[in-house]
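Right, one structure below, let's go through it.
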Amino acid sequence: MNFQLDEKRLALQAAIREFAQNELLPGVIERDEASQFPLEQYKKLGELGYAGLPYPVELGGAGGDYLDYAITIEEISKVDASLGIAYSIGLSAYVGSILNGTDEQIKAWTPDVIQGKCLGSFALTEPNAGSDAGGCVTTAVKKGDKYVINGLKCFNTNGPLAEHFAVYALTQPELGAKGLSCFHVDKGTPGFSIGKIENKMGIRAAQVSELIFEECEIPETALIGKEGDGFKYAMKALDGGRIGVASQALGIAEGAFEIARKYLMTREQFGKPIYKNQHLAFKMAELECEIEMAKYMVYKAALDKSEGRPYSIPASKAKMVCTNAAMHVTTEAVQMLGGNGFMREYHVERMMRDAKITQIYEGTNEIQKLIISRDLFK
Ligand code: COS
Numbered sequence: 000m001n002f003q004l005d006e007k008r009l010a011l012q013a014a015i016r017e018f019a020q021n022e023l024l025p026g027v028i029e030r031d032e033a034s035q036f037p038l039e040q041y042k043k044l045g046e047l048g049y050a051g052l053p054y055p056v057e058l059g060g061a062g063g064d065y066l067d068y069a070i071t072i073e074e075i076s077k078v079d080a081s082l083g084i085a086y087s088i089g090l091s092a093y094v095g096s097i098l099n100g101t102d103e104q105i106k107a108w109t110p111d112v113i114q115g116k117c118l119g120s121f122a123l124t125e126p127n128a129g130s131d132a133g134g135c136v137t138t139a140v141k142k143g144d145k146y147v148i149n150g151l152k153c154f155n156t157n158g159p160l161a162e163h164f165a166v167y168a169l170t171q172p173e174l175g176a177k178g179l180s181c182f183h184v185d186k187g188t189p190g191f192s193i194g195k196i197e198n199k200m201g202i203r204a205a206q207v208s209e210l211i212f213e214e215c216e217i218p219e220t221a222l223i224g225k226e227g228d229g230f231k232y233a234m235k236a237l238d239g240g241r242i243g244v245a246s247q248a249l250g251i252a253e254g255a256f257e258i259a260r261k262y263l264m265t266r267e268q269f270g271k272p273i274y275k276n277q278h279l280a281f282k283m284a285e286l287e288c289e290i291e292m293a294k295y296m297v298y299k300a301a302l303d304k305s306e307g308r309p310y311s312i313p314a315s316k317a318k319m320v321c322t323n324a325a326m327h328v329t330t331e332a333v334q335m336l337g338g339n340g341f342m343r344e345y346h347v348e349r350m351m352r353d354a355k356i357t358q359i360y361e362g363t364n365e366i367q368k369l370i371i372s373r374d375l376f377k
């Protein structure tokens, strides 16, 4: 076991850290307030070759692995967690779904997202199919050489901005989850429109919306993989997505921790820097350990995926531990900064709001406990 990042990864980490300071930090508070996505910065990441890190060079990726990808999301999310989730959804949930297709489909529909030229989105959740992802009612009915999609998807990250969508719909509704199939749908396809854009508590710069399908016709060649295998593809894509969310949460925790650390060293009360209060110094020691545990868990899950080991359970464990750490660290950071912590300009209140959704999306932490405990007693 090697707990050290090698030179190449350290260089990647330093480059993304610099990018985040120079390109993401300016305006991050304003983008949060205005719910404005940093699309230009996202595309710049792509131009610099930092979007499709784990994917093959033939597809426009960097031929790296999922630890590179995790480190990148972590560094982005230390500063801007909204960009962190947009990046993760496009590159793991969307690309992860389309990778179940043929070589032709993969070459047609993944390179633009892998190269960061545009965003991808993943459409599974419906108003009555959240944790019970198999409870979808959106249908895709075969008519000649086409499928006709009807239904409503909700809480779609990147919905209003994405060019490409992986859409899950029932081809055999009577079979429930076993009748679910995966399709590629392009933005602008007749019958496909963006519904309500959500006004959110956190990750406010990320764009999340409903997707509406009304007699939306797509060619039969847009079916990804086999009819009826959609639920398994979605679960696999979510396993990868959970590594992304865990990395995002780790970044949020680390970002808030660093702001708190600097604050405790510079803020003076009762004639001394406040870190000299043992209560606060010990609190920081505890949070430091919590962050380090979270980091090892998500790095391990990323390496399990990269090196071909089963990663579903490690991804669920990492997702739960990292997101709980993000919530805890950010809440403590707001408290330690006192009145300043409550103010926008100190960033930690935004980080606390951003942290909350990480415990909920990509499978609630209760669902992660279900997955982990089922594995313990199978
Ligand atoms: N990878 C591949 N296949 C998987 C899998 C995975 N990670 N998890 C489950 N499957 C397969 C199972 O092997 C099973 O296949 P068989 O029918 O051939 O045996 C099938 O999928 C059904 O699995 P299961 O019985 O576990 O399904 P359940 O409905 O009981 O539970 C949970 C599945 C609850 C784990 C799932 O619905 C889930 O993850 N829910 C959360 C959804 C989510 O994360 N949403 C986030 C938002 S996305 S926009």
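Residues in the sequence shown are numbered consecutively from 0, following numbering that gives the first Met the number 0.
Yeah, the Cβ is synthetic: ideal placement off N, Cα and C, and Gly gets one too.
The structure displayed is predicted, hence computed values, not measured ones.
Nonlocal neighbours in the same chain, by C-beta distance under 6 Å from residue i, ignoring five residues either side
| i | result |
| --- | --- |
| TYR345 | LEU336, ASN339 |
| ALA92 | PHE121, ALA236, GLY240 |
| ILE366 | SER130 |
| MET229 | Per the sequence shown, residue 229 should be read as Gly rather than Met. Hits under 6 Å: TYR167, LEU179, SER180, CYS181. |
| PHE164 | SER120, ALA122, VAL184 |
| LYS186 | GLU162 |
| ILE15 | THR71, GLU74 |
Nonlocal neighbours in the same chain, by C-beta distance under 7 Å from residue i, ignoring five residues either side
| i | result |
| --- | --- |
| GLN40 | GLU22, LEU23, LEU82 |
| GLY60 | GLY51, LEU52, PRO53, TYR54, ILE113 |
| LEU302 | LEU66 |
| GLU361 | LEU237, GLY240, ARG241, VAL244, LYS318 |
| VAL297 | ALA69, ILE242, ALA245, SER246, LEU249, ALA317, CYS321 |
| LYS355 | MET200, GLY201, MET326 |
| GLY224 | ASN99, GLY100, CYS181, TYR232 |
| GLU171 | The question names Glu, but residue 171 is Gln in the sequence shown. Counting only Cβ-Cβ distances below 7 Å, and skipping sequence neighbours, we find GLY178, GLY227. |
| SER87 | ILE72, GLY240, GLY243, VAL244, GLN247 |
| SER34 | ARG203, ALA204 |
Residue i: first and last residue of the uninterrupted alpha helix (DSSP H) it sits in
| i | result |
| --- | --- |
| GLY51 | Premise fails: GLY51 is in no alpha helix (DSSP H) and is neither H nor E. |
| PHE230 | 229–265 |
| SER81 | 80–87 |
| SER96 | 94–97 |
| ALA14 | 6–18 |
| ALA354 | 347–357 |
| ALA33 | 27–33 |
| ALA176 | Careful: ALA176 lies outside any alpha helix (DSSP H) and carries neither H nor E. |
| ALA107 | 102–108 |
| GLY224 | Careful: GLY224 lies outside any alpha helix (DSSP H) and carries neither H nor E. |
| ASN339 | 337–340 |
Residue i in three-state terms, based on DSSP
| i | result |
| --- | --- |
| SER305 | helix |
| HIS278 | helix |
| ARG322 | The sequence shown places Thr at residue 322, rather than the Arg named in the question. In this structure, THR322 counts as helix in the three-state DSSP scheme. |
| GLU291 | helix |
| LYS271 | strand |
| ALA61 | coil |
| GLY119 | strand |
| ASN157 | coil |
| TYR298 | helix |
| GLU361 | coil |
| ALA132 | helix |
| ASN149 | strand |
Own chain partners of residue i with C-beta closer than 8 Å, once the 5 adjacent residues on each side are dropped
| i | result |
| --- | --- |
| LEU279 | LEU263, ILE273, MET335 |
| LYS145 | GLU216, ILE217, PRO218, GLU219 |
| ILE371 | ILE312, SER315, LYS316, MET319 |
| VAL347 | ALA255, ILE258, ALA259, THR329, ALA332, VAL333, LEU336, GLY340 |
| VAL56 | GLY62 |
Residue i at chain B interface by Cβ criterion, 8 Å
| i | result |
| --- | --- |
| GLY270 | In the displayed structure, chain B is absent; only one protein chain is listed. |
Unbroken beta strand (DSSP E) run spanning residue i, endpoints
| i | result |
| --- | --- |
| ASP185 | 179–185 |
| PRO218 | 207–218 |
| ILE193 | 191–196 |
| VAL140 | 138–142 |
| ALA165 | 163–169 |
| said: Could you check whether the segment 210–221 touches the segment 285–292, counting it as contact only if at least three pairs of C-beta atoms, one from each stretch, sit closer than 8 Å? | reply: no
| query | Are the segment 70–78 and the segment 249–258 in contact at 8 Å, needing three or more beta carbon pairs? | reply | yes
| task | Report yes or no: do the segment 191–211 and the segment 101–113 share at least 3 C-beta pairs separated by less than 8 Å? | result | no
| Quick one: any contact between the segment 218–227 and the segment 152–159, if contact means 3 or more CB pairs under 8 Å? | no
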